[in-house]
Amino acid sequence: MAELRAIPKKKKIKLSVGQQIALRKAIFERDHYCCVVCGKKAQHRHHEPPGSNKTDRIETGVALCVECHNIRHNDPNRSLQWKKIIVDYLRNIYADYYKSN
Ligand SMILES: [Zn+2]
Ligand SMILES: [Zn+2]
-19 MAELRAIPKK KKIKLSVGQQ IALRKAIFER DHYCCVVCGK KAQHRHHEPP GSNKTDRIET
41 GVALCVECHN IRHNDPNRSL QWKKIIVDYL RNIYADYYKS N
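Just so it is clear: in the sequence shown, position 10 is -10 by my numbering, and no numbers are missing.
Quick look at the structure:
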């Protein structure tokens, strides 16, 4: 009988729901519930860079409004410009973290 073996998945560190909520709250409080790009009321926690290799931590998360979040993810003309604003913002706060990463 053939041995059925699951393909090993890459281990990803996942936060619990409670940790996700706490992280979201910490990011929103740091950013004063305002979008870090335009200053409007923030609605989303955005991970920079977006994608599958997310590291859930405050150093890679920002608060964004609906519009800026949409631009960052879906607007080919402005996405990179928004990314730069977000990265500059985070680097400015977490210089040590970004020096070693
Ligand atoms: Zn915004
Ligand atoms: Zn996002």
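Ideal placement from N, C-alpha and C gives every residue a C-beta, glycine not left out.
Closer than 7 angstroms: residue i CB and nearest ligand 1 heavy atom
i: L(-5); result: no
i: V42; result: no
i: V67; result: no
Heavy atom of ligand 2 within 7 angstroms of residue i beta-carbon
i: R52; result: yes
i: P30; result: yes
Backbone secondary structure at residue i - three-state DSSP
i: R25; result: strand
i: C45; result: coil
Straight-line Cα distance separating residue j from residue i
i: V17; j: C48; result: 7 angstroms
i: Y78; j: R71; result: 6 angstroms
i: Y74; j: V46; result: 24 angstroms
Residues bridged to residue i (per DSSP)
i: C14; result: K21
Q) At a cut of 8 angstroms, does the stretch -9 to 6 reach the stretch 36 to 55 through at least three beta carbon pairs? A) yes
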